[in-house]
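**Q**
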Amino acid sequence: MRLRVSAIASNAALCSAITSLLCESSAVAETLPLPANPTFSSYVPSEPYRILASGLLARVFSDSTVDGLRIQIVDALIGPSQKTEGVALRGPSTHFVLSGSGQITYAEGGAVVERKFQPGSSWTLAPGQAFRIENQGEQHVDIRIRIITAAP
Amino acid sequence: MWIFEFGSLPRRRRLPSRQTGLGFLLASVLLSCPAAQAQWATYRGDMARTGAPNPVDEGIYTSAQLEKLRVDKQWQLPPLTDATAPPRSRGFWSSPIVHGDRLFIGGGNGVFYAFDRYTLNELWQYPRSEQPPLTSQFTCNPSSFGIAASAAVANVRGRDVVIFGAPDRSVGAGLGDGRLFALDIETGEPIWKSDILAPITGLTSLNDAATEQEQVKAFQEFHQQIGYSAPVVVNDKVYVGIANHCDNPIQPGLIKAVRLNDGSLDSAFSFHSALPRGGGIWSSLASDGTDIYATTGNIRSGLRPGDQIVTNHALALLRLDGRTGSLRWKLQPVPVELDDDPDWAAGATIANSSCGRLALSTMKDGWTYAVRAEPASQGGADVAWQYPPTGFPFGQTDNWTEHGDTRFLRPGLSWNDTFVALAGGLNINVEKTSNYARLHSLNVCASPEQRLRWIFDVPRTTPGEAYSLGVPSGRAGFIFIGTRSGWLVVFADPSIEPPSGYRCEHPDVETTICTQFGFRLIPDPKIVTEVQLNGAVSGEPALASDRVYVATTAGYLYALRPD
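Residue numbers (my numbering), protein chains in the order written: chain A, -1 to 150; chain B, 578 to 1140.
1) Whether or not the region 878 to 897 of chain B and the region 822 to 839 of chain B are in contact is what I'm after, with contact meaning three or more pairs of Cβ atoms, one per stretch, closer than 8 Å; do they touch?
2) Locate the beta strand (DSSP E) running through Val1021 of chain B, then write down its first and last residues.
3) Is there a Cβ from chain B that is less than 8 Å from the Cβ of Asp140 of chain A?
4) Comparing alpha-carbon positions, which option in B:Gly1054, B:Gly1059, B:Gly1063 lies nearest Pro1076 of chain B?
5) With a cut-off of 8 Å, do at least 3 Cβ pairs link the region 668 to 682 of chain B to the region 724 to 732 of chain B?
6) Do you know how far the Cα of Val1066 of chain B is from the Cα of Asn929 of chain B?
7) Quick check: is the beta carbon of Leu55 of chain A nearer than 8 Å to any beta carbon in chain B?
8) Spell out whether any CB of chain A is found under 8 Å from the CB atom of Glu1026 of chain B.
9) Would the region 1015 to 1022 of chain B count as touching the region 979 to 999 of chain B if we require 3 or more Cβ pairs under 8 Å?
10) Please state whether the Cβ-Cβ distance between Ala1128 of chain B and Gly1116 of chain B is less than 8 Å.
11) With distance defined between alpha-carbon atoms, name the residue in B:Tyr703, B:Pro1084, B:Val1035, B:Gly1051 nearest to Ser1062 of chain B.
12) Which residues mark the beginning and the end of the beta strand (DSSP E) in which Leu680 of chain B is found?
13) Please classify Lys794 of chain B: does DSSP put it in a helix, a strand, or coil?
14) Going by CA-CA distance only, name the one from B:Trp962, B:Thr872, B:Asp868, B:Trp944 that's closest to Tyr805 of chain B.
15) Compute the Euclidean distance between the alpha carbons of Arg665 of chain B and Val1108 of chain B, then round it to the nearest angstrom.
16) Check whether the Cβ atoms of Pro970 of chain B and Pro919 of chain B sit closer than 8 Å, and answer yes or no.
17) State the start and end residues of the unbroken alpha helix (DSSP H) segment that holds Ser991 of chain B.
18) Nearest-angstrom Cα distance between Ser671 of chain B and Ile145 of chain A?
19) Just the C-alpha distance for Ala604 of chain B and Ile1056 of chain B, rounded to the nearest angstrom, thanks.
20) Quick one: give me the first and last residue of the alpha helix (DSSP H) that Ala56 of chain A is part of.
21) Would you call the region 104 to 121 of chain A and the region 1069 to 1086 of chain B touching, i.e. three or more CB-CB distances under 8 Å?
22) Look at the alpha carbon of Cys932 of chain B and the alpha carbon of Ser782 of chain B, and state the distance between them as a whole number of angstroms.
23) So what's Cys717 of chain B in DSSP terms, helix, strand or just coil?
24) By the 7 Å beta-carbon criterion, what residues does the region 1090 to 1108 of chain B contribute toward chain A?
25) How is Leu599 of chain B classed by DSSP in three states: helix, strand or coil?
26) Using a Cβ cut-off of 8 Å (strictly closer), state whether Thr82 of chain A contacts chain B.
27) Would you kindly work out how many angstroms separate the C-alpha atoms of Thr696 of chain B and Thr627 of chain B, rounded to a whole number?
28) Would you tell me roughly how many angstroms separate the C-alpha atoms of Ala820 of chain B and Ile102 of chain A, rounded to the nearest one?
29) Tell me whether Arg1030 of chain B is buried or exposed, calling it buried when 16 or more other Cβ atoms sit within 10 Å of its Cβ.
30) Who are the neighbours of Thr37 of chain A on chain B, taking C-beta pairs under 9 Å?
31) Residues of chain A with a CB under 7 Å from the CB of Glu766 of chain B: which are they?
32) Cβ of Ala743 of chain B within 8 Å of Cβ of Phe758 of chain B?
33) Determine contact between the region 787 to 795 of chain B and the region 748 to 758 of chain B, defined as no fewer than three beta-carbon pairs at a distance below 8 Å.
34) Buried or exposed for Leu1134 of chain B, please, with buried defined as at least 16 other CB atoms from any protein chain shown within 10 angstroms of its CB.
35) Any residues in the region 997 to 1009 of chain B with a beta carbon nearer than 7 Å to a beta carbon of chain A? Which ones, in chain order?
36) Less than 8 Å between the CB atoms is what I'm expecting for Pro125 of chain A and Arg88 of chain A, so what's the real figure, rounded?
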């Protein structure tokens, strides 16, 4: 297992949703060519996505507690043609694809399940169930994830 | 007088794939422009509503000149004495137009003014000071009370006139029926007043109705208005859109045409957006010189139990036959079931691009569309692209996607195969409001991967708040936009001036990790100057060759020029 703790340490709420990475990274990020001699502008996003794993960015959309349960809604972002490392979430989670298309891979009952997705696709995963996402389109993928854990 | 004829423009060459070719292209267009450009004689500068009509000369539009742009003259609306006027109605919600040595603008106070554009000395006003202003008794937002839309200059029987829409209590039930006025630009005397186009027959508020009887009465009354729709003059007709007073209740959206000669209603032209009601025309109509392009508002919240929708052109971008009003095509990306009030409130911009004539506009939910204007045969719209390209029409599976009353309602500007718009970005599905202070430049003829050209977060405003920005105008590659905090910001397209740097195409991804995660770096345009004004800017800057004019909702009118 490998977790880039340092990269996500600044987002405690997001870290709390992640317990383990059950798969080794297989992602090799494709990059678009940089402009010649690019100088970065002073623009800084007010609520930037954080690096969750190779190929996977995320940020917390909402974080609430109801009847002893903590309900976090996390927005995951996978750039064009990106593959993520494997990740697993601490609690049961529901995933809803807002935009983009690709494939999710996860282990279930000793088998590896590969499933295509598109806008409107959804699935649920058990606590600790690892998954990996491949963006197979030219546009980015937005996935909204609802994670339920015991309230601290 | 010379009014920009959209159809007379030479076909532009294809924009080079890199931005570096734009300057050359611009120069070629400038050289080929056949006639002198009227200063800014209608809303968005031309009937195509480009917001960036082709200028004939450079004027003050160089970096060296614009860096020295300062307020030269200013004028303030007199205090409004009518206690019934909603406070927000008292300033300028329309924009100035410029013709020759004159400037024209209507105020939220219901008075239309003519100025010497060099001194901002008032030349005349209509109605005269001793006469009642042009106001409505049915009031809600700033579209209702006084004059909320810009004017247009035209020629009637050999006389130059300025035409605008306003409520008028001297006709009908005396509540402020909407009609058009054509005034002699020299004297301010009426050449004609149109027939009633937007009647008000009662003041029963659906929102305040305490009984079912009052609700029925509210629906039986006409509560129409011209509001924010600026007239467009095409050949021998004047067209204007009709909406309602804050959906209280929703009325059938209409487009009316009157004869330019005398202001009489042209009954040969007829368009209803929706029946029994819905599809208000909140925006200014555009034209290609023959046909009319419109955008329409919501429908679902206006339906009563048991209502059957007979006609539904609501929430649409559409092209109409300019003679009859019959539908050529329509784009309707949001179905009635998902209608949570995403009025299409930014009007259409018609671009003669290198990939054909396009109708461009951003819906209030933040998605921008380009529709091929041709063929004009009746049917569905031939959509060239959507940005962001998430797919449409939207369906029930888009249950996280909001199609509500968000604030993407400013028309964009088009020049040289690009479209600059206040629009949703790549984060549209997860975060819309952060885009309220952000302009996107889109390549209209490029591949989807190259669609986004640059992003600019406009400073000196209130990010995340509604109406953070006014309407952008452009000239010679410089873009002018007013802000809610009372600033005029001028910045340069990266083809004109090197950008301040590069940023990530996804607005919520830090630049340093942008390419690592598969996104592109794009230019961040360079600010040329910022000028402080008094009051929010809701409308557009009018760009004359030697001066820039802008008005604010605090009631100030400014003329700016280089020091």
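C-beta: ideal position from N, C-alpha, C; glycine also.
Bear in mind the structure is a predicted one, so any value in this text is a computation, not a measurement.
**A** With the structure as the only source:
1) Put simply, the region 822 to 839 of chain B touches the region 878 to 897 of chain B. At least three CB pairs are less than 8 Å apart.
2) In the second sequence, counting from the first residue as 1, residue 1021 of chain B sits at position 444. From DSSP, Val1021 of chain B is part of no beta strand (DSSP E); its letter is neither H nor E.
3) Looking up residue 140 of chain A in the first sequence gives position 142. Taking Cβ atoms only, chain B reaches closer than 8 Å to Asp140 of chain A, which makes this a yes.
4) As a first step, residue 1076 of chain B must be located in the second sequence, where it is residue number 499. Looking at the Cα atoms, B:Gly1054 is the closest of the given residues.
5) Yes, the region 668 to 682 of chain B touches the region 724 to 732 of chain B.
6) Taking the second sequence and counting its residues from 1, one reaches residue 929 of chain B at position 352. Taking the second sequence and counting its residues from 1, one reaches residue 1066 of chain B at position 489. Their Cα atoms are separated by approximately 27 Å.
7) For the purposes of this step, residue 55 of chain A is taken as the residue at position 57 of the first sequence. It does; some Cβ of chain B falls within 8 Å.
8) Position 449 of the second sequence, counting from 1, holds the residue named residue 1026 of chain B. It does; some Cβ of chain A falls within 8 Å.
9) yes
10) Here residue 1128 of chain B is taken as the residue at index 551 of the second sequence, counted from 1. Here residue 1116 of chain B is taken as the residue at index 539 of the second sequence, counted from 1. Against a cut-off of 8 Å, the Cβ pair of Gly1116 of chain B and Ala1128 of chain B comes out as a contact.
11) Here residue 1062 of chain B refers to the residue found at position 485 when the second sequence is read from its first residue. It is B:Val1035 whose Cα lies nearest to the Cα of Ser1062 of chain B.
12) Position 103 of the second sequence, counted from the first residue, corresponds to residue 680 of chain B. Run containing Leu680 of chain B: 679 to 683, per the beta strand (DSSP E) assignment.
13) The residue you call residue 794 of chain B lines up with position 217 of the second sequence. If DSSP states are grouped into helix, strand and coil, Lys794 of chain B belongs with the helices.
14) Along the second sequence, one-based indexing puts residue 805 of chain B at 228. Among B:Trp962, B:Thr872, B:Asp868, B:Trp944, the Cα nearest to that of Tyr805 of chain B is on B:Thr872.
15) Taking the first residue of the second sequence as 1, we reach residue 665 of chain B at position 88. Taking the first residue of the second sequence as 1, we reach residue 1108 of chain B at position 531. Each residue's Cα considered, the two are about 23 Å apart.
16) For the purposes of this step, residue 970 of chain B is taken as the residue at position 393 of the second sequence. For the purposes of this step, residue 919 of chain B is taken as the residue at position 342 of the second sequence. No, these two residues do not count as a Cβ contact at 8 Å.
17) For the purposes of this step, residue 991 of chain B is taken as residue 414 along the second sequence, with counting starting at 1. First-last for Ser991 of chain B: 990 to 992, but that is the beta strand (DSSP E), not the alpha helix (DSSP H).
18) For this step, residue 671 of chain B is matched to residue 94 along the second sequence. For this step, residue 145 of chain A is matched to residue 147 along the first sequence. Spanning the two alpha carbons is a distance of roughly 48 Å.
19) On the second sequence, position 27 is the one that residue 604 of chain B refers to. On the second sequence, position 479 is the one that residue 1056 of chain B refers to. In this predicted model, Ala604 of chain B has a pLDDT of only 35, less than 50, meaning its place in the structure is not dependable; the value taken from the coordinates is given anyway. Going from the Cα of Ala604 of chain B to the Cα of Ile1056 of chain B covers about 17 Å.
20) Position 58 of the first sequence, counting from 1, holds the residue named residue 56 of chain A. Where Ala56 of chain A is concerned, there is no enclosing alpha helix (DSSP H), although the beta strand (DSSP E) it sits in stretches over 54 to 64.
21) no
22) Counted from its first residue, the second sequence places residue 932 of chain B at position 355. Counted from its first residue, the second sequence places residue 782 of chain B at position 205. When rounded, the distance between both Cα atoms is 48 Å.
23) Here residue 717 of chain B refers to the residue found at position 140 of the second sequence. In the structure shown, Cys717 of chain B sits in coil (DSSP, three-state: anything other than H, G, I, E or B).
24) Those would be Ile1090, Thr1092, Gln1093, Phe1094, Gly1095, Phe1096, Arg1097, Leu1098, Asp1101, in chain order.
25) As a working mapping, residue 599 of chain B is identified with position 22 in the second sequence. Caution is warranted here: a pLDDT of 42 is assigned to Leu599 of chain B, below 50, making its placement in the model unreliable, and the coordinate value is therefore given only provisionally. Helix, per DSSP.
26) As a working mapping, residue 82 of chain A is identified with position 84 in the first sequence. So no, Thr82 of chain A is outside the interface.
27) Position 119 of the second sequence, counted from the start, is the residue given in the question as residue 696 of chain B. Position 50 of the second sequence, counted from the start, is the residue given in the question as residue 627 of chain B. If you take the alpha carbons of Thr696 of chain B and Thr627 of chain B, they lie about 28 Å apart.
28) Residue 820 of chain B sits at position 243 when you count from the first residue of the second sequence. Residue 102 of chain A sits at position 104 when you count from the first residue of the first sequence. Within the model, the alpha-carbon separation for Ala820 of chain B versus Ile102 of chain A is close to 47 Å.
29) The count along the second sequence starts at 1 and reaches residue 1030 of chain B at position 453. Buried, since its Cβ has 16 or more Cβ neighbours within 10 Å.
30) Locating residue 37 of chain A in the first sequence gives position 39, where the first residue counts as 1. The contacting residues are Pro1076, Ser1077, Gly1078, Tyr1079.
31) Residue 766 of chain B sits at position 189 when you count from the first residue of the second sequence. Within chain A, no residue comes near Glu766 of chain B; the closest Cβ sits about 53 Å away, beyond 7 Å.
32) Looking up residue 743 of chain B in the second sequence gives position 166. Looking up residue 758 of chain B in the second sequence gives position 181. Yes, they are a contact pair.
33) Contact check between the region 787 to 795 of chain B and the region 748 to 758 of chain B: fewer than three CB pairs, one atom from each, fall below 8 Å, which does not count as touching.
34) As a working mapping, residue 1134 of chain B is identified with position 557 in the second sequence. The residue is buried, with at least 16 neighbouring Cβ atoms inside 10 Å.
35) If you check each beta-carbon in the region 997 to 1009 of chain B against every beta-carbon of chain A, the ones closer than 7 Å belong to Leu1003, Asn1006, Val1007.
36) Here residue 125 of chain A refers to the residue found at position 127 when the first sequence is read from its first residue. Here residue 88 of chain A refers to the residue found at position 90 when the first sequence is read from its first residue. Yes, they are in contact, since the Cβ atoms of Pro125 of chain A and Arg88 of chain A sit about 6 Å apart, within 8 Å.
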